[in-house]
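S.K.:
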Ligand code: GLY
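In the numbering used here, the protein residues as written are 11 to 378.
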């Protein structure tokens with residue numbers, strides 16, 4: 011098992027990464043489940059795979075789990091579900107010092123974390139991430155949110171979990187497609203700041219996706235450590251450091267919005283294409299060697315992921331995609347900072363990007 015500290019000032023916590031952590035949930039929580047009653051939130055799919063394991067782990071340690079089993083999917087990150095969850099937590103008599111368990115992917119973690127941030131002005135929660143994407147990104151760092159008609163994640167709070175238990179056994183119950191989508195966020199850490207890790211992905215990514223246990227532990231632990239370092243330096247995304255984690259996301263969110271956040275394009279799939287676009291756009295501006303940008307796109311293609319915007323066959327033009335970007339949370343007084351690259355592992359925040367130029371670039375990529 012790997013243990014990665016997240017050194018948030020005043021509220022440090024651990025991310026534990028290893029196989030079998032859910033079955034040993036209670037000892038890993040190390041006294042945080044201080045009452046017999048435990049509130050636990052999950053979705054129907056995760057409950058089907060892991061409900062019995064977690065139920066047994068809690069029950070055998072003398073706890074009574076109170077399950078809230080929600081529909082799977084982004085639609086669950088809504089005001090309605092948030093309000094019902096808050097009422098449920100209050101009915102359970104949750105106190106600030108109690109810990110709510112969030113067993114699921116990003117949707118469950120974001121919604122439960124946001125509820126925890128507002129109940130009694132903030133109570134504790136523990137992340138039990140069950141997707142690769144949640145393990146390497148969304149469960150770590152305290153971003154919580156719901157979606158509204160205006161867009162994804164536009165309402166939320168920074169609220170750090172007390173503990174994250176990333177059980178690698180859950181990766182065996184994911185579809186190949188979901189696993190690959192999460193893998194995009196693994197590769198992201200190499201693209202942001204570590205050429206050697208990108209080379210590791212080149213060499214081992216396919217075997218990791220195919221199921222090699224030690225490669226999986228390394229990939230998740232490395233990713234968590236990379237994120238933990240950034241979050242500890244810039245918890246509230248004020249210095250520009252944490253914004254690096256959004257590499258590929260501005261392009262990716264535009265693609266998700268254009269495809270109505272549907273199963274046509276999972277978040278990680280959109281981010282993979284988004285990172286390939288960020289690399290190509292950087293090369294177009296002369297910032298990055300063209301061969302490096304093609305290496306990024308080629309890497310995703312080599313592990314069976316879409317990396318070309320044109321392959322999506324979208325019925326839109328470059329301006330339509332840029333219009334979606336105007337809802338980006340990074341918008342600042344009419345300008346949109348972009349994550350660009352000087353090379354693989356050398357991502358930076360550029361504040362001089364003209365949206366007309368981005369639209370022209372996207373138009374070329376759509377017709378490529
Ligand atoms: N997923 C980006 C962040 O946590 O900042």
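Note that the Cβ used here is the ideal one computed from N, Cα and C, for glycine as well.
1) I believe residue 115 touches residue 155 by the beta-carbon criterion, under 8 Å. Please report the beta-carbon distance rounded to the nearest angstrom.
2) Report buried or exposed for residue 343, applying the criterion of at least 16 other Cβ atoms within 10 angstroms of its Cβ.
3) Grouping DSSP H, G and I as helix and E and B as strand, with all else coil, what is residue 109?
4) Would you please state the rounded distance, in angstroms, between the beta carbons of residue 230 and residue 146? I believe it to be under 8 Å.
5) Using only CA atoms, which one of 32, 358 and 307 lies nearest to residue 67?
6) Given that a residue counts as buried once 16 or more other Cβ atoms are within 10 Å of its Cβ, and exposed if not, what is residue 341?
7) Pick out the complete alpha helix (DSSP H) segments inside the segment 269-333, 4 residues or longer, and give them in chain order.
8) Shorter than 7 Å, the distance from the beta carbon of residue 227 to the closest heavy atom of ligand 1, or not?
9) Might you give, ordered along the chain, the residues of its own chain that have their beta carbon closer than 7 Å to the beta carbon of residue 81, omitting 5 neighbours on each side?
10) Could you say which of 323, 365, 160 and 100 lies nearest to residue 378 if we only look at CA atoms?
11) Answer yes or no: the CB of residue 148 versus the heavy atoms of ligand 1, is any distance below 7 Å?
12) What is the residue span of the alpha helix (DSSP H) that residue 188 lies within?
13) Is any non-hydrogen atom of ligand 1 found closer than 7 Å to the C-beta of residue 356, if you look at the structure I gave you?
14) How about residue 213: is its Cβ closer than 7 Å to a heavy atom in ligand 1?
15) Starting from residue 347 and walking both ways along the alpha helix (DSSP H), at which residues does that stretch end?
16) Assuming residue 167 contacts residue 104 under a Cβ cut-off of 8 Å, what Cβ separation, rounded to an integer in Å, is found between them?
17) Pull the bridge partners of residue 76 from the DSSP assignment, please.
18) Reducing DSSP to helix, strand and coil, say where residue 137 ends up.
19) Which of the three DSSP states is assigned to residue 252 in this structure?
20) Rounded to whole angstroms, how far is the Cβ of residue 284 from the Cβ of residue 254, which I believe are closer than 8 Å?
21) Just checking my contact of residue 151 with residue 137 at CB under 8 Å: how many whole Å lie between their CB atoms?
22) Can you tell me whether residue 185 is buried or exposed, with buried defined as 16 or more other CB within 10 angstroms of its CB?
23) Can you tell me whether DSSP reads residue 44 as helix, strand or coil?
24) Should residue 336 go down as buried or exposed, given a rule of 16 or more other Cβ atoms within 10 Å for buried?
25) If I'm right that residue 26 touches residue 175 with Cβ under 8 Å, what's the distance once you round it to whole angstroms?
26) Run the CB neighbour count on residue 60, radius 10 Å, all protein chains shown included, and call it buried at 16 or more, exposed below.
27) What is the residue span of the beta strand (DSSP E) that residue 15 lies within?
28) Are at least three pairs of beta-carbons, each pair with one atom in the segment 217-233 and one in the segment 185-201, less than 8 Å apart?
29) At a cut-off of 7 Å, is residue 251 close to ligand 1 when judged by its beta-carbon and the heavy atoms of the ligand?
M.R.: The answer reads as follows:
1) For this step, residue 115 is matched to residue 105 along the chain shown. For this step, residue 155 is matched to residue 145 along the chain shown. Going by Cβ atoms, the distance from residue 115 to residue 155 rounds to 14 Å, so no, they are not a contact pair.
2) Numbered from its first residue, the chain shown carries residue 343 at position 333. Exposed, because fewer than 16 other Cβ atoms sit within 10 Å of the Cβ of residue 343.
3) Here residue 109 is taken as the residue at index 99 of the chain shown, counted from 1. When DSSP states are grouped into helix, strand and coil, residue 109 belongs to the strand group.
4) For this step, residue 230 is matched to residue 220 along the chain shown. For this step, residue 146 is matched to residue 136 along the chain shown. At roughly 6 Å, the Cβ-Cβ gap stays under 8 Å, so residue 230 and residue 146 are in contact.
5) Translated into positions along the chain shown, residue 67 becomes position 57. Among 32, 358 and 307, the Cα nearest to that of residue 67 is on 32.
6) Taking the chain shown and counting its residues from 1, one reaches residue 341 at position 331. Label assigned to residue 341: exposed.
7) You should have 277-294 and 300-312.
8) On the chain shown, position 217 is the one that residue 227 refers to. Ligand 1 never approaches residue 227 closely enough for any of its heavy atoms to be under 7 Å from the residue's Cβ.
9) As a first step, residue 81 must be located in the chain shown, where it is residue number 71. Only residues of its own chain outside the window of five on either side were considered, and among them 53 and 54 have a CB closer than 7 Å to the CB of residue 81, listed in chain order.
10) In the chain shown, the residue the question calls residue 378 occupies position 368. For the set 323, 365, 160 and 100, the Cα lying nearest the Cα of residue 378 is the one of 323.
11) As a working note, residue 148 is residue 138 in the chain shown. At least one heavy atom of ligand 1 lies closer than 7 Å to the C-beta of residue 148.
12) Start at 1 with the first residue of the chain shown, and residue 188 comes out as number 178. Residue 188 -> alpha helix (DSSP H) spans 186-203.
13) The sequence position of residue 356 within the chain shown is 346, counting from 1. It does not: the Cβ of residue 356 is nowhere closer than 7 Å to a heavy atom of ligand 1.
14) As a position in the chain shown, residue 213 is number 203, starting the count at 1. Outside the cutoff, so no.
15) Within the chain shown, numbered from 1, the residue matching residue 347 stands at position 337. For residue 347, there is no enclosing alpha helix (DSSP H), as DSSP marks it with neither H nor E.
16) Locating residue 167 in the chain shown gives position 157, where the first residue counts as 1. Locating residue 104 in the chain shown gives position 94, where the first residue counts as 1. About 17 Å; that fails the 8 Å criterion.
17) Here the question's residue 76 lines up with position 66 in the chain shown. Its beta-bridge partners are 49.
18) Position 127 of the chain shown, counted from the first residue, corresponds to residue 137. DSSP, read as helix, strand or coil, puts residue 137 in strand.
19) If you number the chain shown from 1, residue 252 lands on position 242. Residue 252 falls in the helix class under three-state DSSP.
20) Locating residue 284 in the chain shown gives position 274, counting from the first residue. Locating residue 254 in the chain shown gives position 244, counting from the first residue. Not quite, the Cβ-Cβ distance comes to about 14 Å (not below 8 Å), so this is no contact.
21) Mapped onto the chain shown, residue 151 falls at position 141. Mapped onto the chain shown, residue 137 falls at position 127. Contact doesn't hold; Cβ gap of about 10 Å is too wide.
22) Translated into the one-based positions of the chain shown, residue 185 becomes position 175. It counts as exposed.
23) Mapped onto the chain shown, residue 44 falls at position 34. Coil, per DSSP.
24) As a first step, residue 336 is located in the chain shown; it is residue number 326 there, counting from the start. Residue 336 is exposed by the Cβ-count criterion.
25) Taking the first residue of the chain shown as 1, we reach residue 26 at position 16. Taking the first residue of the chain shown as 1, we reach residue 175 at position 165. Contact between residue 26 and residue 175 holds, with the beta-carbon distance rounding to 5 Å and staying under 8 Å.
26) What you label residue 60 is simply residue 50 of the chain shown in a count that begins at 1. Buried.
27) Looking up residue 15 in the chain shown gives position 5. For residue 15, the enclosing beta strand (DSSP E) covers residues 12-16.
28) The answer is yes - the segment 185-201 touches the segment 217-233, with three or more Cβ pairs under 8 Å.
29) If you number the chain shown from 1, residue 251 lands on position 241. Between ligand 1 and residue 251, a heavy atom-to-CB distance of less than 7 Å is absent.
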